[in-house]
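*Asks:* Got a structure for you, written out below as structure tokens; questions coming shortly.
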Amino acid sequence: MKQRGRHRRRKRGRALRATLAGAALALTATATMISASQATNGDDPGALAPLSTAAEADALSLAEDPVPDRSLNRLTEELGAPVGVNTVLAETEGTLRDTDHCPSADRSALPVSPEASRAYCWDEDDTRGWRAGAVTTSGDADDDGRWGRHQVVLSGWSRTEPGTGPARDLARVAFVNADETARPDYSWALLVVPVDGGRDYRGLFSGLTGMVWYQDKLVVTTTAGDADALYVFDLDRIHRATVTAPAVGRVDDGWSAAGQRFVLPAVATYRPAATDGARPDTLSLDRSTTPDTLVASERVPEAADRASRLWRYRLSTDTARPGPLSAGTGGRSAPQEAYETDAADLRGVLAYRSQWYLSRPADSPDDHGTLWRQDTDGARATECGADEVRDCWSGRPAPLSYWEESGEVWSQSDRTLFALPLTSLDDALE
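Under our numbering, think of the first position of the sequence shown as 84, with each following residue one higher.
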């Protein structure tokens with residue numbers, strides 16, 4: 084593996100608190116299940132209820148499917164030697180603006196309470212037609228918070244190709260150099276899927292509603308366009324596009340990536356192991372567990388007559404695996420634990436120690452969303468204003484990412500990228 088910080092886990096004996104450890108799926112058969120009625124934006128979703136049965140666990144299990152090495156090697160032969168993250172960061176394509184230089188509409192998308200400790204906005208011309216999605220950082224990638232010598236934020240975006248509908252979305256990731264906190268630079272890479280045995284590639288037909296960078300792998304959720312639940316990308320397999328054109332894949336005079344300078348091909352997928360299995364919609368990394376775990380949630384509409392599920396998978400320490408999830412019998416990755424919540428329409432999930440943080444959109448598109456903290460004892464939302472309303476989070480909530488080394492939670496809202504200390508969230512939730 085290349086260009087990274089220290090990837091040998093130097094765990095410091097941290098473990099889940101008894102509440103989490105005791106909630107393992109096989110040990111909670113007597114748990115009381117919550118009502119399947121969904122809580123709207125301002126309603127208290129109550130306590131988390133652990134899931135316990137084998138059928139419930141099976142519905143959340145995933146099966147890994149690696150892209151054949153021969154396909155990846157053939158694609159490398161065609162595209163040329165891969166480049167590293169440092170090269171992508173060095174070839175700057177744009178610069179983020181700090182909040183003092185952002186339009187008022189962008190600033191209004193930031194959380195009301197607690198306030199962001201740092202925030203940036205994207206250039207409108209560079210993001211026109213693209214939808215902001217998930218965020219992950221080098222704080223997820225390595226416990227020293229760096230990739231090699233750099234601090235990095237990855238920002239996901241998606242776009243629906245004209246006349247195709249959401250099943251033909253394209254997805255790209257901005258590599259943001261977070262070493263410079265005043266005006267960070269960034270470059271783009273298109274996420275693609277090898278086809279025809281590695282002789283070509285297509286776009287990842289999905290929005291980026293969940294994304295985690297762990298060691299040298301980037302894991303993203305997939306929605307309508309791609310049937311698999313998760314796609315895995317190898318950060319040691321970033322390639323240059325040789326042609327700047329709207330097309331994706333092989334063209335007459337080279338390789339194109341919808342105008343992006345770099346291309347990142349998938350190396351594996353995870354699909355639901357059960358026929359009617361669940362598909363993760365949002366993701367985050369939890370370093371408070373031993374080993375580290377991948378946290379997932381699903382998006383259940385408020386009108387649905389069932390609860391939303393939150394769960395986690397153990398992450399593997401085997402760096403030779405194409406996918407980062409720990410696998411058991413038959414190559415399945417089963418959830419380590421899972422819960423139901425009355426919170427509906429979840430847009431972000433974060434777990435740290437015994438607490439789960441959930442972001443939800445506003446009931447009205449002109450309002451702010453809510454940020455809830457839940458555990459098995461109850462729930463609490465951030466409040467703001469004289470009337471102590473709960474619509475205090477970002478305008479259009481996106482997934483959450485916790486950078487443990489710096490203590491910051493990162494997220495996006497429309498064209499704003501922001502961070503704030505986890506401690507400020509907890510203070511606002513007291």
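Glycine residues also receive a C-beta, built at the ideal position from the N, C-alpha and C atoms.
Since the model is a prediction, treat every value here as computed from it, not as a measurement.
Pick from Pro151, Gly129 and Glu198: whose alpha carbon is nearest that of His451?
*Replies:* Checked all of Pro151, Gly129 and Glu198; the closest Cα to His451 is Glu198.
*Asks:* For Gln457, which residues does DSSP report across the bridge?
*Replies:* Partner(s): Trp439 and Ala462.
*Asks:* Taking 7 Å as the threshold (beta carbon to beta carbon), is Arg333 in contact with chain B?
*Replies:* The question asks about chain B, but that chain is absent: this structure has only one protein chain.
*Asks:* Going by CA-CA distance only, name the one from Leu512, Asp510 and Ala481 that's closest to Gly293.
*Replies:* The shortest C-alpha separation from Gly293 is found at Ala481.
*Asks:* Name the one or two DSSP bridge partners that Pro133 has.
*Replies:* Its beta-bridge partners are Tyr422.
*Asks:* For Pro355, which residues in the same chain have their Cβ closer than 6 Å to its Cβ, ignoring the five residues on either side in sequence?
*Replies:* These residues qualify, in order along the chain: Ala312.
*Asks:* Would you mind stating whether Ala202 and Thr182 have Cβ atoms separated by less than 7 Å?
*Replies:* It is a contact, given that the beta carbons lie within the stated cut-off.
*Asks:* Whose CA, out of Ala215, Asn169, Gln298 and Asp317, lies closest to the CA of Asp268?
*Replies:* Checked all of Ala215, Asn169, Gln298 and Asp317; the closest Cα to Asp268 is Asn169.
*Asks:* Assess contact between the stretch 337 to 350 and the stretch 373 to 392, defined as three or more Cβ pairs (one per stretch) separated by less than 8 Å. Is contact present?
*Replies:* No, the stretch 337 to 350 is not in contact with the stretch 373 to 392.
*Asks:* With DSSP collapsed to three states, give me the class of His451.
*Replies:* His451: coil per DSSP, three-state reduction.
*Asks:* I believe Val218 touches Ser484 by the beta-carbon criterion, under 8 Å. Please report the beta-carbon distance rounded to the nearest angstrom.
*Replies:* About 5 Å separates the two Cβ atoms, so the contact holds.
*Asks:* When DSSP builds the beta bridges, which residues end up paired with Ala37?
*Replies:* As displayed, the chain neither begins before 84 nor continues past 513, which places residue 37 out of reach and without an answer.
*Asks:* For Ser494, which of helix, strand or coil comes out of DSSP?
*Replies:* Three-state DSSP puts Ser494 in a strand.
*Asks:* Can you grab the Cα-Cα spacing for the pair Asn156 / His322, in whole Å?
*Replies:* The alpha-carbon atoms of Asn156 and His322 are separated by roughly 12 Å.
*Asks:* From which residue to which residue does the beta strand (DSSP E) around Ser397 run?
*Replies:* A small fix is needed here, since residue 397 is Arg in this sequence, not Ser. Note, Arg397: beta strand (DSSP E), Ser391 to Arg397.
*Asks:* Please look up how many angstroms separate the CB atoms of Ala142 and Ala357, rounded, as I've assumed it's under 8 Å.
*Replies:* Rounded, the Cβ-Cβ distance is 5 Å, consistent with contact.
*Asks:* Comparing alpha-carbon positions, which option in Arg344, Ser367 and Glu513 lies nearest Asp223?
*Replies:* Minimum Cα distance to Asp223 is reached at Ser367.
*Asks:* Answer yes or no: do Val236 and Thr210 have a C-beta to C-beta separation smaller than 7 Å?
*Replies:* Not in contact: Val236 and Thr210 (Cβ atoms no closer than 7 Å).
*Asks:* Under a Cβ-count criterion, where at least 16 other Cβ atoms within 10 Å of its own Cβ denotes burial, should Asp44 be classed as buried or exposed?
*Replies:* Because the chain in this structure spans residues 84 to 513, residue 44 falls outside the shown range and cannot be described.
*Asks:* For Ala112, which residues from the same chain have a beta carbon less than 6 Å from its beta carbon, with the 5 sequence-adjacent residues on both sides left out?
*Replies:* Note on Ala112: pLDDT 34, under 50, position unreliable in the model; the coordinate value appears next. Only Ser135 meet the Cβ criterion.
*Asks:* In whole angstroms, what is the alpha-carbon distance linking Pro418 and Trp394?
*Replies:* Cα-Cα distance, rounded: 6 Å.
*Asks:* Of the choices Pro149, Ala511 and Trp486, whose alpha-carbon is the least far from that of Ala502?
*Replies:* The residue with the shortest Cα to Cα distance from Ala502 is Trp486.
*Asks:* Among Leu441, Ala188 and Asp226, whose alpha-carbon lies nearest the alpha-carbon of Asp449?
*Replies:* Nearest of Leu441, Ala188 and Asp226 to Asp449, Cα basis: Ala188.
*Asks:* Taking the alpha carbon of Arg362 as the reference point, which residue from Thr499, Leu408, Thr304 and Thr325 has its own alpha carbon closest?
*Replies:* It is Thr304 whose Cα lies nearest to the Cα of Arg362.
*Asks:* Just confirm the distance between the C-beta atoms of Leu158 and Gly281, as a whole number of angstroms; I'd bet it's less than 8 Å.
*Replies:* Going by Cβ atoms, the distance from Leu158 to Gly281 rounds to 4 Å, so yes, they are a contact pair.
*Asks:* So what's Leu366 in DSSP terms, helix, strand or just coil?
*Replies:* Three-state DSSP puts Leu366 in a strand.
*Asks:* Under three-state DSSP, which class holds Ala140?
*Replies:* DSSP places Ala140 in helix when its eight states are reduced to three.
*Asks:* Could you name the residues of the same chain whose beta carbon sits closer than 7 Å to that of Pro504, not counting the 5 residues immediately before and after it, in chain order?
*Replies:* Cβ within range, chain order: Ser200, Gly490 and Glu491.
*Asks:* Under 8 Å, with one C-beta from each stretch per pair, do the stretch 462 to 475 and the stretch 407 to 422 reach the 3-pair mark?
*Replies:* Not touching, per the Cβ criterion.
*Asks:* In the DSSP assignment, find the unbroken beta strand (DSSP E) run with Ala217 in it and report its ends.
*Replies:* Counting along the chain, the beta strand (DSSP E) containing Ala217 begins and ends at Arg214 to Thr220.
*Asks:* By a C-beta neighbour count over all protein chains shown, 10 Å radius and 16 as the cutoff for buried, is Glu147 buried or exposed?
*Replies:* The residue is buried, with at least 16 neighbouring Cβ atoms inside 10 Å.
*Asks:* Can you list, in chain order, the residues of its chain with a C-beta nearer than 8 Å to that of Pro444? Leave out the 5 residues immediately preceding and following it.
*Replies:* Answer for Pro444: Asn124, Asp428, Arg430, Gly452, Arg479 and Pro480, listed in chain order.
*Asks:* If you follow the beta strand (DSSP E) that Arg404 is in, where does it begin and where does it stop?
*Replies:* It is not in any beta strand (DSSP E) - Arg404 carries neither H nor E in the DSSP assignment.
*Asks:* Taking C-alpha atoms, which residue in Asp309, Leu318, Ala265 and Ser196 lies nearest to Val256?
*Replies:* Per the Cα distances, Leu318.
*Asks:* Cα-Cα, which of Arg320, Gln343 and Thr325 is closest to Asp336?
*Replies:* Checked all of Arg320, Gln343 and Thr325; the closest Cα to Asp336 is Thr325.
*Asks:* Determine the direct distance from the alpha carbon of Leu454 to that of Ser437, and round the result to whole angstroms.
*Replies:* In a straight line, the C-alpha of Ser437 is about 16 Å away from that of Leu454.
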